[in-house]
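Read through the structure below, which is laid out as structure tokens, and then see the notes.
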Amino acid sequence: MNDDLSLSTRSQDLPQIIQEGKKSMPPPAERPLLVCKPRAIESWRVFKIMSEFVEGFDVIGRYGLAASFFGTARATFEHPVYQAAEELAGRLAKQGFAIITGGAMGVMQAANKGAYEAGGASIGLNIRLADGQQDNKYLTDKFEFDHFFVRKVMLTYASEVYIYFPGGFGTMDEFLEILTLVQTQKIKKIPIVLYGREYWTPLLEIFKDRLAAKYHAIDDADMELYHVVDSVDEAFDFITAHVEC
């Protein structure tokens, strides 16, 4: 870290640093490309990251019992996938769970809709993307991040259960992130629910046949860290039986 940043950090208290982060980040068109150790933009980026952490923790700190839903932002899967996300979120909301999603469309919107219409807390932790990913209209609280890794930290500490519906790279990334954190005991063991046996089975077979049996890259016990379900009733019963506040 350069001397200017160190002096700035020593001379400002935390609220001032947060305000610095909000105001000093250049507009997207003016930002240098992030290549070759971008020291010239290091100071303002540190302030922006700090502000996102503080505000993100402030949002998730408002809620106690919570369930995070993950899944596609696209409307490309069969309708029952979205219908199941909406129904499960609604039932959990009625049990006192705040429902947390990425705040966008697809499965996320379905889960937020279920919570919203059940009269529960419906939170969106969205990410600012080049294609202008929009918040869905069923949010009672929200926050938008610039940095994926800050958003992932918020999602990691946000909930007592993580529910993964079919999705793309983002869903896979978030599933493997939580799975790794539980496996390495960086976070406590919590229920990880995979909805849709047909969708998840090919990936889970790779875990079993390649990672565990052939290469011994994971232990057999690691495959007990997640639970696959095929219905809303099955998911709801498993979650309510295994979530610890």
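Just so you know, this note's numbering puts 141 at position 137 of the sequence shown, and the rest follows in order with no gaps. Built from N, CA and C at the ideal position, the CB exists for glycine as well. None of these values were measured; they are calculated from a predicted model.
Among all the DSSP beta bridges, which residues are the ones paired with Ser126?
Beta-bridge partners of Ser126 (DSSP): Ile103.
DSSP on Tyr142, reduced to helix/strand/coil?
coil
Could you give the residue range of the beta strand (DSSP E) that holds Phe73?
Ala70 to Phe74
If you reduce the DSSP assignment to three classes, tell me which class Phe169 lands in.
coil
With a cut-off of 8 Å on the beta carbons, I'd call Ala239 and Ile191 a contact; round off their distance for me.
About 21 Å separates the two Cβ atoms, so there is no contact after all.
Does the contact criterion of 3 or more C-beta pairs under 8 Å hold for the segment 192 to 211 versus the segment 147 to 159?
no
Answer yes or no: do Gly106 and Leu129 have a C-beta to C-beta separation smaller than 8 Å?
In this structure, Gly106 places its C-beta atom within 8 Å of the C-beta atom of Leu129.
Can you tell me whether Thr175 is buried or exposed? The criterion is at least 16 other CB atoms within 10 Å of its CB, across all chains shown.
It counts as buried.
Enumerate in chain order the residues of its own chain whose CB-to-CB distance from Ser15 is below 6 Å, with the five nearest sequence positions on each side excluded.
Only weak support is given to the placement of Ser15: the predicted model assigns it a pLDDT of 45, under 50, and the value that follows is read from those uncertain coordinates. Closer than 6 Å at Cβ, skipping near neighbours: no residue.
Whether or not the segment 180 to 195 and the segment 87 to 94 are in contact is what I'm after, with contact meaning three or more pairs of Cβ atoms, one per stretch, closer than 8 Å; do they touch?
no
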